[in-house]
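S.K.:
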Amino acid sequence: MQIGIIGTGAIGGYVRDELKRRGFAVRALLVLPENVKETAGEFPDCVCVSSASDLPDDIDHMIDCGGHVALKIHGPEILRRGIDLTTVSVGALADTQLYSDLDRAAAQGNAQLYLVSGAVGALDCLRAARVGNLQSVTYTGRKPPMAWKGSPADGKLDLDNLAGEAQVHFEGTARAAAIQYPENANVAAAVALAGAGFDDTQVRLIADPNVERNIHEVVATGDFGRFSFEIRGNAVPDNPKSSAIAAMSVVSRLEQAKHRIRF
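Here the numbering used here is used: position 260 in the sequence shown is 262, and no number is missing along the way.
1) Extract the residue ranges of the beta strand (DSSP E) inside the segment 75 to 126, only unbroken runs of 3 or more that lie entirely within it.
2) Who are the Cβ neighbours of GLN114 in its own chain at under 7 Å, not counting the five residues just before and after it?
3) Hey, which unbroken runs of the beta strand (DSSP E) at 3 residues or more fall wholly within the segment 153 to 208?
4) Check each candidate in ILE233, ALA237 and PRO211 and name the one with the smallest Cα separation from LEU161.
5) Following the continuous alpha helix (DSSP H) through SER251, name the residue where it begins and the one where it ends.
6) Return the first residue and the last residue of the beta strand (DSSP E) that GLY69 is part of.
7) For ARG82 and ALA190, what's the separation of their Cα atoms in angstroms?
8) In angstroms, rounded to a whole number, what distance separates the CA positions of GLY174 and GLN204?
9) Would you kindly report the start and end of the unbroken beta strand (DSSP E) that includes LEU219?
10) In the DSSP assignment, find the alpha helix (DSSP H) that holds LYS22 and state where it starts and stops.
11) Can you look up GLY9 in the DSSP assignment and give me helix, strand or coil?
12) Output the boundary residues of the beta strand (DSSP E) element that contains GLY235.
13) Which residues in the same chain as TYR116 place their Cβ atom closer than 8 Å to its Cβ, once the five residues preceding and following it in sequence are excluded?
14) Check whether the Cβ atoms of ASP225 and LEU136 lie closer than 9 Å to each other.
15) Rounded to a whole number of angstroms, what is the C-alpha to C-alpha distance between ARG177 and LEU195?
16) Give the list of continuous beta strand (DSSP E) stretches no shorter than 3 residues that lie fully inside the segment 23 to 69.
17) Taking the C-alpha atoms as reference points, what is the distance between LEU34 and ASP47?
18) Using the Cβ count rule (16 or more neighbours within 10 Å means buried), how would you classify PRO58?
19) So, is HIS70 buried or exposed, given that buried needs 16 or more other C-beta atoms within 10 angstroms?
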């Protein structure tokens, strides 16, 4: 399998290094136009391009680690070319137009768009539960104040000096969370897509000076009964906004594709 990666940030770097360590052929990097020359010098074993149309013809699978904007710009063309695409930018699918564009492009190219579980587990349970009647699904994201820097929480709270009690800075639907917090709410979107949908999944986002890790909690009720799931995850070393397990979920997705017996 010949693999290309969109983005060279914290998650993209982890995915690239881990896939190569596991014997995958990372053949191409898709980056911003102004970064092509520098990236090519840093990674001489990869073809570095700024447009999906310039990707080598032998690429079998692209991995999007570049964020919502990158998925919107490059995703449709990658799928139209018949290249399968795995993305961690699940929150971008809250945009109904982009969702339709990606679905149409995948049909045109006979390609698949894979959404990884990212920073939260239990999505298989949610997918099963929605076969019956899902009565309620709530996602709560709790992070240290600095992990919310650069998000709308910056304008609502004094993140640099937050002390004492945790502060809720967002309550609403998963669609609103994914659109307003594109760098922080991919988990909310993944929970929504696996379960009750963007408009029927409730989200609370919290800045908590008393925690050092990102904490994700999902609570659901329905015909199946009730479950709650919590994960206290470490961030990727180079970016406190990005979960390490999100990067690991990309590698796991590619690893599973190699096996004849798999989940």
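We put the CB at the ideal spot given by N, CA and C, even for glycine.
All values reported here derive from a predicted model rather than from experimental measurement.
M.R.: Straight from the coordinates:
1) The DSSP assignment places 86 to 89 and 115 to 117 as complete runs of the beta strand (DSSP E) inside the segment 75 to 126, in order along the chain (cut-off: 3 residues).
2) Correct list, in chain order: ASP86 and ALA108.
3) 169 to 175, all fully within the segment 153 to 208.
4) Selected option, being the one with the closest Cα: PRO211.
5) Its alpha helix (DSSP H) spans residues 246 to 259.
6) For GLY69, there is no enclosing beta strand (DSSP E), as DSSP marks it with neither H nor E.
7) Rounded to whole angstroms, ARG82 to ALA190 spans 28 Å at the Cα level.
8) So the two alpha carbons sit approximately 6 Å from each other.
9) In the sequence under discussion, the amino acid at residue 219 is Glu, which differs from the Leu named in the question. That run of the beta strand (DSSP E) goes 216 to 224.
10) Looking at the DSSP string, the run of the alpha helix (DSSP H) that includes LYS22 is 12 to 23.
11) Reduced to three states, the DSSP call for GLY9 is coil.
12) Membership of GLY235 in the beta strand (DSSP E) is indicated by the continuous run 227 to 235.
13) Counting only Cβ-Cβ distances below 8 Å, and skipping sequence neighbours, we find ASP86, LEU87, THR88, THR89 and ARG255.
14) In this structure, LEU136 lies closer than 9 Å to ASP225 by Cβ.
15) If I take the Cα positions, the gap works out to 10 Å.
16) Taking 3 residues as the shortest admissible run, the segment 23 to 69 contains the following complete beta strand (DSSP E) segments, listed from N- to C-terminal end: 27 to 32, 49 to 51 and 63 to 66.
17) Their Cα atoms are separated by approximately 18 Å.
18) Residue environment analysis places PRO58 among the exposed positions, since fewer than 16 neighbouring C-beta atoms fall within 10 angstroms of its C-beta.
19) Classification of HIS70: buried, given that the 10 Å Cβ count is 16 or more.
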